[in-house]
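Residue numbers (the numbering used here): 1 to 235. For glycine and all other residues, C-beta sits at the position ideal for the given N, C-alpha and C. Before any comments, here is the structure.
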């Protein structure tokens, strides 16, 4: 591993720790306390924020040049976010059993469970195809196409959050209590931004491709047809 790669891993991990600390502090300000249940929410926020950021860097670089120098971070940010999301799921499954009693929780919340499990499978696939020399084996085009499935993973996480945290969002939007909005709502809004950014990027690239194709076609059609030059044949 080169020094540059190691640096990216260390800095991406540091960003994960910073986001976790900020989210934990936010929860303490919001609720005046923190426990394992709330800390687990902070872990989920930090991990999913990193996953969203790894997807958003492409659009941010294309439209505003923000993050153009950080495109190399996409893999490391996504992997660190994925590990934190797995940690969130592990804590929920094995350390919060009085709250998330399995399989009762699955039967009572089938759609959120299916959505989150499907998202984990998608992110796991992305992790695998981005490592172990697989990008070189499958080629850059297929590799990028597989990574774009990550946006479907983000959408599935949004469905998971909307169903489970929707009542808390509604309560805050009506009463504004507590003063600060739920972290899950902030993450949901950021996820919407990331998806809209991807749609805008797709539309812009498609429009540019159509314009380029139209220009080439116009230039080709403007070239006059010349009659064939007569060639004298030897006697």
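Measure the beta-carbon distance from residue 201 to residue 62 and round it to whole angstroms, keeping in mind my assumption that it falls under 8 angstroms. Reading the chain shown from its first residue, position 201 is the one you call residue 201. Reading the chain shown from its first residue, position 62 is the one you call residue 62. Between residue 62 and residue 201 the Cβ distance is about 6 angstroms, and since that is below 8 angstroms, they are a contact.
Going by DSSP in three states, residue 133 sits in which element: helix, strand or coil? In the chain shown, counting from the first residue as 1, residue 133 sits at position 133. The DSSP-derived three-state label of residue 133 is coil.
Count the other CB atoms within 10 Å of the CB of residue 40; is the residue buried (16 or more) or exposed (fewer)? Reading the chain shown from its first residue, position 40 is the one you call residue 40. Answer is buried; the Cβ neighbour count reaches 16.
Relative to the C-alpha of residue 114, which candidate in 51, 187, 159 has its C-alpha closest? The count along the chain shown starts at 1 and reaches residue 114 at position 114. The residue among 51, 187, 159 with its C-alpha nearest the C-alpha of residue 114 is 159.
Measure the Cβ-Cβ separation of residue 172 and residue 185 and say whether it is below 8 angstroms. For the purposes of this step, residue 172 is identified with residue 172 of the chain shown, where counting begins at 1. For the purposes of this step, residue 185 is identified with residue 185 of the chain shown, where counting begins at 1. It is a contact, given that the beta carbons lie within the stated cut-off.
Nearest-angstrom beta carbon gap, residue 112 and residue 163 [assumed within contact, 8 angstroms]: Along the chain shown, read from residue 1 onward, the residue named residue 163 stands at position 163. Along the chain shown, read from residue 1 onward, the residue named residue 112 stands at position 112. Between residue 112 and residue 163 the Cβ distance is about 5 angstroms, and since that is below 8 angstroms, they are a contact.
By the DSSP assignment, the alpha helix (DSSP H) with residue 53 in it spans what residues? The residue labelled residue 53 in the question sits at position 53 within the chain shown. Here the alpha helix (DSSP H) through residue 53 covers 36-64.
Beta carbon of residue 77, beta carbon of residue 48: below 8 angstroms? Taking the chain shown and counting its residues from 1, the one referred to as residue 77 is at position 77. Taking the chain shown and counting its residues from 1, the one referred to as residue 48 is at position 48. For residue 77 and residue 48, no; Cβs fall outside 8 angstroms.
Does residue 1 come out as helix, strand or coil in the three-state DSSP assignment? Taking the chain shown and counting its residues from 1, the one referred to as residue 1 is at position 1. Of the three classes helix, strand and coil, the one that applies to residue 1 here is coil, per DSSP.
Could you give the DSSP three-state label for residue 246: helix, strand or coil? No statement about residue 246 is possible, as the shown extent of the chain runs from 1 to 235 and does not include it.
Assign residue 237 to one of three DSSP states: helix, strand, or coil. The chain is shown only over 1 to 235; residue 237 falls outside these bounds and no answer can be derived.
Counting pairs of Cβ atoms below 8 angstroms between the region 140-152 and the region 82-99, do you hit three or more? No, the region 140-152 does not touch the region 82-99.
Would residue 123 pass as a contact of residue 190 if the rule is Cβ separation under 8 angstroms? Reading the chain shown from its first residue, position 123 is the one you call residue 123. Reading the chain shown from its first residue, position 190 is the one you call residue 190. No, these two residues do not count as a Cβ contact at 8 angstroms.
Which class does residue 139 belong to by DSSP, given the choice of helix, strand or coil? Taking the chain shown and counting its residues from 1, one reaches residue 139 at position 139. Taken through DSSP and simplified to helix, strand or coil, residue 139 comes out as coil.
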